[in-house]
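Peer 1:
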């Protein structure tokens, strides 16, 4: 038996009275009756307006599970209407379930992907993030898919997904580039494999062994001299005061007070003409571009040592990939592209280079993330923050400890 049993000459229900019943119960906020009314009305008028109204009635009733399912029903029946997509994304955002909101956005038909309204709603989830992993006293820059972590007692490793792959147990350790690296175990330096097991040793008392590059060489220090060793810890060219790790086929080396670049065969690329070369975790580059200091300022070089552009800088951070790098001038930080052109003017107290469309910048005492237009996209204020990796993961500092965050849009 329906709510309105009166029918017309054809046996159809009196929809006018049914709609009046719904309106009266909405006015009285008797939403359970409203739900019942719309369910019956839909049996006769299965249009999008009534399905949307049924969904809103569930929300007003406080039955949020039914509200969610009703919106999904609208999307299923009327996939070209953007309102239900927006409301369902907003529903998930209110629950802090950004991953589900992102999934809804990903399911959009092509015809709706340029909708300004949908983009505005989705913006709230595009840069939303959650915390990963344990907290550490320090986390190194993430290079080649791994970071060195320090828990206050020992060093270990996490991977690019934020998982701890080698628990902290070393006195010192360096980034993995090609499956093996240098690590200090009980006061002695070894080559260790990707499981953290010792695989090569020597009678020589090295005071440092760095990352073993794809060319088979790792920087090392012995008796105050720097040079290179191979996997078996055979020594090469121990006549430097500093040797860096290899990336993109190049490394930085120092003799006396001057710096130069060498290639993967340990041959000179440049002469010793630089006062400094910017390094991160012992690497002078991540993408083939180098910042070297000459005549009191840093300049941009390619991997062959050729200068790029005419700009010079007080300080710089390495390019992460091909997005703009952070550079400093007149005590403020801005950004430069790989052609040496300024992309964002000098205006920040500190900054790190762009990656995945975002860069950490410092204003006041805290860091937030901006896009390449300079707009703040992650509003949270961190004590320190580093660039995102390809998995949408970044190192940030909350209070006194470092943690990893991941943007939900990159979670699988």
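In the working numbering, the protein residues as written are -2 to 409. The beta carbon of each residue, even a glycine, is placed where N, CA and C say it ideally should be.
When the Cα of residue 313 is compared with those of 300, 281, 13, which residue comes out closest?
Peer 2: In the chain shown, the residue the question calls residue 313 occupies position 316. Comparing Cα-Cα distances from residue 313 to each of 300, 281, 13, the minimum goes to 281.
Peer 1: Look up residue 359 in the DSSP assignment and say whether it is helix, strand or coil.
Peer 2: One-based indexing of the chain shown puts residue 359 at position 362. Strand, per DSSP.
Peer 1: Going by the DSSP bridge assignment, what does residue 144 pair with across the sheet?
Peer 2: If you number the chain shown from 1, residue 144 lands on position 147. Note: residue 144 sits in a beta bridge opposite 155.
Peer 1: At what residue ranges does the segment 287 to 348 contain a whole run of the beta strand (DSSP E), taking only runs of 3 or more?
Peer 2: Correct list: 287 to 291, 294 to 298, 304 to 310, 322 to 326, 329 to 333, 339 to 345.
Peer 1: Tell me, please, whether the CB atom of residue 362 is closer than 8 Å to any CB atom in chain C?
Peer 2: Absent from the structure: chain C. Only one protein chain is present.
Peer 1: Would residue 233 be called buried (16 or more neighbouring beta carbons within 10 Å of its own) or exposed?
Peer 2: Indexing the chain shown from 1 puts residue 233 at position 236. With fewer than 16 Cβ atoms within 10 Å of its Cβ, residue 233 is classed as exposed.
Peer 1: For residue 178 versus residue 216, is the C-beta distance shorter than 8 Å?
Peer 2: Locating residue 178 in the chain shown gives position 181, counting from the first residue. Locating residue 216 in the chain shown gives position 219, counting from the first residue. Contact flag unset, no.
Peer 1: Can you list, in chain order, the residues of its chain whose CB lies under 7 Å from that of residue 260, leaving out five sequence neighbours each side?
Peer 2: The residue labelled residue 260 in the question sits at position 263 within the chain shown. Same-chain partners within the cutoff: 246, 247, 266.
Peer 1: Would you kindly check if the distance between the Cβ of residue 35 and the Cβ of residue 58 is under 8 Å?
Peer 2: Translated into positions along the chain shown, residue 58 becomes position 61. Translated into positions along the chain shown, residue 35 becomes position 38. No, they are not a contact pair.
Peer 1: Taking the alpha-carbon of residue 384 as reference, which of 350, 404, 167, 125 has the nearest alpha-carbon?
Peer 2: For this step, residue 384 is matched to residue 387 along the chain shown. Nearest C-alpha to residue 384: 350.
Peer 1: Just mark residue 376 as buried or exposed, buried being the case when its beta carbon has 16 or more other beta carbons within 10 Å.
Peer 2: Reading the chain shown from its first residue, position 379 is the one you call residue 376. So residue 376 ends up on the exposed side.
Peer 1: Within the segment 80 to 136, note down every full alpha helix (DSSP H) run reaching 4 residues or more, in order along the chain.
Peer 2: Taking only runs of at least 4 residues, the alpha helix (DSSP H) segments lying wholly in the segment 80 to 136 are 95 to 103, 113 to 123.
Peer 1: When we look at the beta-carbon of residue 400 and count the other beta-carbons within 10 Å, is it buried (16 or more) or exposed?
Peer 2: Residue 400 sits at position 403 when you count from the first residue of the chain shown. When all chains shown are included, residue 400 counts as buried.
Peer 1: Give me the Cβ distance between residue 39 and residue 47, rounded to the nearest whole Å; I'm assuming they're in contact under 8 Å.
Peer 2: Within the chain shown, the letter at position 42 stands for residue 39. Within the chain shown, the letter at position 50 stands for residue 47. Right, their Cβ atoms sit about 5 Å apart.
Peer 1: Rounded C-beta distance between residue 332 and residue 294? I'm assuming under 8 Å.
Peer 2: As a first step, residue 332 is located in the chain shown; it is residue number 335 there, counting from the start. As a first step, residue 294 is located in the chain shown; it is residue number 297 there, counting from the start. 17 Å between Cβ atoms; not a contact.
Peer 1: Whose CA, out of 297, 65, 251, lies closest to the CA of residue 91?
Peer 2: Taking the first residue of the chain shown as 1, we reach residue 91 at position 94. Ranking 297, 65, 251 by Cα distance to residue 91 puts 65 first.
Peer 1: Mind checking who residue 265 pairs with in its DSSP beta bridge?
Peer 2: Position 268 of the chain shown, counted from the first residue, corresponds to residue 265. According to DSSP, which records beta bridges pairwise, residue 265 is partnered with 259.
Peer 1: Ignore the nearest five residues each way along the sequence and tell me which others in residue 159's own chain have a CB closer than 6 Å to its CB.
Peer 2: As a first step, residue 159 must be located in the chain shown, where it is residue number 162. Around residue 159: 129, 130, 390, 401.
Peer 1: Return the bridge partner residues of residue 390 from the DSSP annotation.
Peer 2: The residue labelled residue 390 in the question sits at position 393 within the chain shown. 403.
Peer 1: Let's see if you can read the secondary structure: which residues bound the beta strand (DSSP E) around residue 222?
Peer 2: Numbered from its first residue, the chain shown carries residue 222 at position 225. Start and end: 222 to 226.
Peer 1: For residue 113 and residue 14, I'd like the C-alpha separation in whole angstroms.
Peer 2: Working through the chain shown from its first residue, we reach residue 113 at position 116. Working through the chain shown from its first residue, we reach residue 14 at position 17. Those two C-alpha atoms are separated by around 39 Å.
Peer 1: Which partner residues does residue 379 have in the DSSP bridge list?
Peer 2: Here residue 379 corresponds to residue number 382 of the chain shown, with the count starting at 1. For residue 379, which the question treats as bridged, DSSP gives the partners 364.
Peer 1: Is the beta carbon of residue 167 sitting closer than 8 Å to the one on residue 186?
Peer 2: For the purposes of this step, residue 167 is taken as the residue at position 170 of the chain shown. For the purposes of this step, residue 186 is taken as the residue at position 189 of the chain shown. Contact flag unset, no.
Peer 1: Can you tell which of 363, 387, 109 has its C-alpha closest to the C-alpha of residue 77?
Peer 2: Locating residue 77 in the chain shown gives position 80, where the first residue counts as 1. Residue 109 is the option with its Cα nearest to residue 77.
Peer 1: By the DSSP assignment, the alpha helix (DSSP H) with residue 39 in it spans what residues?
Peer 2: Position 42 of the chain shown, counting from 1, holds the residue named residue 39. From DSSP, the alpha helix (DSSP H) with residue 39 extends over 28 to 39.
Peer 1: Using DSSP with H/G/I as helix, E/B as strand and the rest coil, what is residue 150?
Peer 2: In the chain shown, the residue the question calls residue 150 occupies position 153. Reduced to three states, the DSSP call for residue 150 is coil.
Peer 1: With a CB to CB cut of under 6 Å and the five nearest residues on each side skipped, what residues in its chain are close to residue 353?
Peer 2: Here the question's residue 353 lines up with position 356 in the chain shown. Excluding sequence neighbours, residue 353 sits near 385.
Peer 1: If you check the beta carbons only, do residue 12 and residue 42 fall under 8 Å apart?
Peer 2: In the chain shown, residue 12 corresponds to position 15, counting from 1. In the chain shown, residue 42 corresponds to position 45, counting from 1. In this structure, residue 42 lies closer than 8 Å to residue 12 by Cβ.
Peer 1: Specify the secondary structure class of residue 172 as computed by DSSP and reduced to three states.
Peer 2: The residue labelled residue 172 in the question sits at position 175 within the chain shown. Looking at residue 172 - three-state DSSP - the assignment turns out to be coil, as it is neither helix nor strand.
Peer 1: What residue does the alpha helix (DSSP H) around residue 65 start on, and which one ends it?
Peer 2: Along the chain shown, one-based indexing puts residue 65 at 68. First-last of the alpha helix (DSSP H) with residue 65: 61 to 74.
Peer 1: If you draw a straight line from the alpha carbon of residue 70 to that of residue 328, how long is it in whole angstroms?
Peer 2: Taking the first residue of the chain shown as position 1, residue 70 is located at position 73. Taking the first residue of the chain shown as position 1, residue 328 is located at position 331. If I take the Cα positions, the gap works out to 57 Å.
Peer 1: Leaving aside the five residues before and after residue 170 along the sequence, list all residues of the same chain whose C-beta is less than 6 Å from its C-beta, in chain order.
Peer 2: By one-based count along the chain shown, residue 170 stands at place 173. The answer, listed in chain order, is 145, 152, 180.
Peer 1: Identify whether residue 238 lies in helix, strand or coil by the three-state DSSP scheme.
Peer 2: Along the chain shown, read from residue 1 onward, the residue named residue 238 stands at position 241. Here residue 238 sits in coil by DSSP.
Peer 1: Does residue 197 come out as helix, strand or coil in the three-state DSSP assignment?
Peer 2: Position 200 of the chain shown, counted from the start, is the residue given in the question as residue 197. Here residue 197 sits in strand by DSSP.
Peer 1: Could you have a look at residue 15 and say whether DSSP puts it in helix, strand or coil?
Peer 2: Translated into positions along the chain shown, residue 15 becomes position 18. Helix at residue 15.
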